Amino acid sequence: MISARQLCIAFLFVAVRFAGVGWCQRTDSGKPLHFRADVYGGYSRVGRSAYAFVTPNPADQGFGFGGDVYFSKWLAVAGEADWMHVTYDAEDNSHSVAVLGGPRLFVPLGPHRVIVPFADVLGGVFSFGKTMGFNNPFKGTVSPALAVDGGVDVRVIGGFYVRAEGGYLHSGFSPVDAVNQRFTDNQHSRLLVGGVWRF
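Residue numbers for the sequence shown follow this note's numbering, so the first one is 1 and each next one is one higher.
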């Protein structure tokens with residue numbers, strides 16, 4: 001089973017790798033391109049958790065962080081990791097981790113780029129840790145995941161922006177008891193609200 005620590009290490013490796021590619025790119029004239037990137041972090045929430053068979057269906061809440069390496073003012077490669085805690089009652093609780101990466105498209109509005117809408121398609125993995133209070137109902141604890149998001153960055157001052165991002169996260173967990181747990185929902189709404197520093 002892949003641990004949350006291993007997922008975060010993998011995310012950091014990919015982020016550093018893409019940062020190196022962006023830094024080393026050169027134009028046709030041989031002059032180095034100006035390196036552009038951002039880092040962000042904040043409150044993260046998944047509305048439809050992997051434990052959709054539980055009633056009432058709880059929400060995963062925690063924090064997310066990531067970064068974008070820009071290849072133009074329109075296009076960037078994004079990497080993101082989210083850690084969330086799930087609590088059903090005093091004894092039933094767990095945590096989940098999502099590690100995602102992929103292209104992100106920005107649409108700067110105005111000459112000073114005060115408002116910057118964006119959209120992305122990110123792929124990766126979604127996992128959940130040890131559950132307390134009941135047995136694991138799925139055949140595994142790690143699943144491929146795909147997220148489709150949209151959002152907006154609003155400039156506050158200098159290179160600091162506030163980001164609001166929402167979308168859907170699909171994971172492919174298979175229930176052990178496919179007959180009694182056919183209603184397990186792998187479509188999860190997701191939300192990230194936080195700060196962005198562009199440099």
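Even for Gly, the Cβ is constructed at its ideal location relative to N, Cα and C. All values derive from a computational prediction rather than experimental measurement.
How is residue i classed by DSSP in three states: helix, strand or coil?
i	result
Gly66	strand
Trp74	coil
Phe118	strand
Phe199	coil
Pro111	coil
Gly129	coil
Ser174	coil
Arg155	strand
Gly194	strand
Phe106	strand
Arg163	strand
Gly140	coil
Ser189	strand
Gly42	strand
Gly47	coil
Taking the straight line between their C-alpha atoms, what separation do you get for residue i and residue j?
i	j	result
Tyr51	His112	Here the model assigns Tyr51 a pLDDT of 48, short of 50, so the residue's position is not dependable, and the following value carries that caveat. Each residue's Cα considered, the two are about 44 Å apart.
Arg190	Phe160	23 Å
Phe173	Tyr70	33 Å
Val99	Val193	17 Å
Val142	Gly64	18 Å
Pro108	Val97	31 Å
His221	Asp149	Since the displayed the chain opens at 1 and closes at 199, residue 221 lies outside it and no answer follows.
Ser72	Phe35	10 Å
Phe53	Phe128	Its pLDDT being 44, under 50, Phe53 is placed unreliably in this model, and the coordinates cannot settle the point.
Pro169	Gln187	Residue identity check: residue 169 is Leu in the sequence provided, not Pro. Answer to the nearest angstrom: the Cα atoms are 6 Å apart.
His85	Gly42	14 Å
Arg45	Val162	17 Å
Ser171	Gly66	20 Å
Gly110	Gly158	15 Å
Short check: CB of residue i to CB of residue j, under 9 Å?
i	j	result
Asp82	Ala37	no
Val121	Phe106	no
Ser75	Arg104	The sequence shown places Leu at residue 75, rather than the Ser named in the question. It is a contact, given that the beta carbons lie within the stated cut-off.
Val77	Val114	no
Val156	Pro144	no
Glu165	Phe118	yes
Would you grab the beta carbon distance between residue i and residue j for me? Rounded to a whole angstrom, and I think it's under 8 Å.
i	j	result
Val152	Tyr40	About 13 Å; that fails the 8 Å criterion.
Gly79	Gly62	That belief does not hold up - the Cβ atoms of Gly79 and Gly62 are roughly 17 Å apart, past 8 Å.
Tell me whether residue i, by its Cβ, gets closer than 8 Å to a heavy atom of the ligand COA.
i	result
Tyr168	Here there are no bound small molecules, and the ligand COA is not part of this structure.
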